[in-house]
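Visitor: Numbering (our numbering), first residue to last: 21 to 476.
One structure, pasted below without further comment.
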């Protein structure tokens, strides 16, 4: 790293060492002609927060069984997340980072079954591998779903796709591979960025261990991304609703597949699902819960002044809260999720959610997963007065980008990295190696983010 005007100099600075920041590091180091990249991460290792396997459901979201995605969103998510699956296959990380496990969405009752059949007919065009499984088939492949059940059920799913990813390991792998490339990669762990300012035609990055100069900056720091944006005068139309999520464990393995439930379209957060857990010897994890928290990071100290900045409470934000709370279904959902967090008795309430998946399970069969769960920075568009359910990006056009990536941010990490790489390469006047990206990260038989781009 060079010195300039008393500060260290780098061509590109990435702030945040989670899955989004490390995916961008890999994308830039391998597929561009950028000469120097510096990664800043305030913790001593990558992926300590939402990218940790304990903080998320370890699901590669494709859009095939996520019933809260409409067709266009599923198409976009599939194009992006397929890059992760293709990375895992191309670089030989199956069974170490990515795993082929069955997955399905379960419809319970005649109304949900009719809805699922209609969805299958539409989404089969986008995902031709999808299958419908009735109770007889489910009794063979996932018997716990049928045991003791009175209601009719139907599932839509697949048996042989990469569905499960350890995003923490993936983050470290992106870092390891980037260091093998020809560009200079500097890693600064345990270094907290405290301020970003424009200086001349570059950016001055102040940290707890000195100052750095960079031509361009990408902030991939979760909830803190919006805070940095606000401090620099960007993103004033955005506020944040910090949502925490928790999980419960069954005391033994009950499911072999990832089993999702049908999403209530009124509810902005994920419906409960069951997953064989990578960190607990396959023991089944149920969740997530969803509740507002006065915190920016789960299991870390509360930064109350920063939090109030991000909440940006005004009439438009209060209007969004009011619209959410006036709906009876959403009010009931919020109260249920609050009850799920009550120490000692939360499982008595949560078991009712789990029994939609496994009817014979009792409250004594599950336990709160202490230390599991994370934060999702749900963005509020103050102008539109609505909650944004996907990733939010502030591209200033001035050489700095701020990314806020709630779910499916991890699944879309390489697609988001590709979008940022295009912006940075155009700004810096360097080449983006799209043909190489297509060869390594895109299956020519599938829709992919890069397939619509002009080849180099």
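All C-beta atoms, glycine included, are put in the ideal place defined by N, C-alpha and C.
As the structure is a prediction and not an experimental result, all values here were calculated from the model.
Considering only their Cβ atoms, is the gap separating residue 125 from residue 177 smaller than 8 Å?
Guide: Yes, Cβ-Cβ distance for residue 177 and residue 125 is below 8 Å.
Visitor: For residue 37, which of 379, 258, 208 and 147 has the nearest alpha-carbon?
Guide: Of 379, 258, 208 and 147, the residue nearest in Cα terms is 208.
Visitor: Count the other C-beta atoms from every protein chain shown that fall within 10 angstroms of the C-beta of residue 345, then say buried if there are 16 or more, exposed otherwise.
Guide: It counts as exposed.
Visitor: Quick one: grab the DSSP three-state call for residue 186.
Guide: In this structure, residue 186 counts as coil in the three-state DSSP scheme.
Visitor: Reducing DSSP to helix, strand and coil, say where residue 244 ends up.
Guide: Of the three classes helix, strand and coil, the one that applies to residue 244 here is helix, per DSSP.
Visitor: From residue 399 to residue 431, what does the alpha carbon distance come to, in whole angstroms?
Guide: Rounded to whole angstroms, residue 399 to residue 431 spans 18 Å at the Cα level.
Visitor: Using beta-carbon positions only, say whether residue 269 and residue 184 come within less than 8 Å of one another.
Guide: Their beta carbons are not under 8 Å apart, which means residue 269 does not touch residue 184 by this criterion.
Visitor: Counting only the same chain and skipping the five closest in sequence on each side, list residues whose C-beta sits under 6 Å from that of residue 222.
Guide: Closer than 6 Å at the Cβ level, and outside the excluded window around residue 222, lie 233 and 235.
Visitor: Is residue 90 buried or exposed, if buried means 16 or more other CB atoms sit within 10 Å of its CB?
Guide: Flag for residue 90 reads exposed.
Visitor: Looking at residue 394 and residue 480, is the spacing between their C-beta atoms short of 8 Å?
Guide: What the structure shows of the chain is the stretch from 21 to 476, and residue 480 is not part of that stretch, so it cannot be assessed.
Visitor: Grab the span of the beta strand (DSSP E) containing residue 386 for me, first residue to last.
Guide: 386–388 is the extent of the beta strand (DSSP E) around residue 386.
Visitor: Please classify residue 117: does DSSP put it in a helix, a strand, or coil?
Guide: Coil.
Visitor: Give the DSSP-derived three-state secondary structure of residue 256 in the structure shown.
Guide: Looking at residue 256 - three-state DSSP - the assignment turns out to be coil, as it is neither helix nor strand.
Visitor: Between 213, 173 and 210, which has its C-alpha nearest residue 279's C-alpha?
Guide: Residue 173 is the option with its Cα nearest to residue 279.
Visitor: Just checking, does the region 361–371 make contact with the region 211–222 on the three C-beta pairs under 8 Å criterion?
Guide: No, the region 361–371 is not in contact with the region 211–222.
Visitor: I'd like the span of the alpha helix (DSSP H) that includes residue 108, first residue to last.
Guide: Taken as a continuous stretch (DSSP letters only), the alpha helix (DSSP H) holding residue 108 covers 91–110.
Visitor: Let me confirm a value: residue 250 is counted as buried when at least 16 other C-beta atoms fall within 10 Å, else exposed. Which label applies?
Guide: Buried, because 16 or more other Cβ atoms sit within 10 Å of the Cβ of residue 250.
Visitor: Do the region 104–112 and the region 140–150 touch if we need at least three Cβ pairs shorter than 8 Å?
Guide: In short, these stretches do not touch, since the Cβ pair count stays below three.
Visitor: Does the region 260–267 come close enough to the region 38–47 to have 3 or more Cβ pairs within less than 8 Å?
Guide: They do not touch, by the three-pair rule.
Visitor: DSSP on residue 211, reduced to helix/strand/coil?
Guide: Residue 211 falls in the coil class under three-state DSSP.
Visitor: Do you know offhand how far residue 421's Cα is from residue 239's?
Guide: Their backbone Cα atoms lie some 6 Å apart in a straight line.
Visitor: Going by beta-carbon coordinates alone, are residue 448 and residue 107 separated by less than 8 Å?
Guide: It is not a contact, given that the beta carbons lie outside the stated cut-off.
Visitor: Flag this pair as yes or no: are the beta carbons of residue 423 and residue 443 separated by less than 8 Å?
Guide: Not in contact: residue 423 and residue 443 (Cβ atoms no closer than 8 Å).
Visitor: Does the Cβ-Cβ distance between residue 340 and residue 403 come in under 8 Å?
Guide: Cβ atoms of residue 340 and residue 403: not closer than 8 Å.
Visitor: Per DSSP, what kind of secondary structure is residue 424 in: helix, strand or coil?
Guide: Three-state DSSP puts residue 424 in a strand.
Visitor: Is there contact between the region 149–168 and the region 371–388, where contact requires at least three CB pairs shorter than 8 Å?
Guide: Touching, yes, given that three or more Cβ pairs across the two stretches are closer than 8 Å.
Visitor: Assign residue 342 to one of two classes, buried (16 or more other C-beta atoms within 10 Å of its C-beta) or exposed (fewer than that).
Guide: Exposed.
Visitor: Is the beta carbon of residue 138 sitting closer than 8 Å to the one on residue 158?
Guide: No, Cβ-Cβ distance for residue 138 and residue 158 is not below 8 Å.
Visitor: Can you give, in chain order, each stretch of the beta strand (DSSP E) that sits fully within the region 29–72 and has at least 3 residues?
Guide: Entirely contained in the region 29–72, the beta strand (DSSP E) runs reaching 3 residues are, in chain order, 56–61.
Visitor: Tell me whether the beta-carbon of residue 282 lies closer than 8 Å to the beta-carbon of residue 127.
Guide: A contact, by the Cβ cut-off of 8 Å.
Visitor: Could you check the C-alpha separation between residue 34 and residue 440 for me, to the nearest Å?
Guide: Those two C-alpha atoms are separated by around 11 Å.
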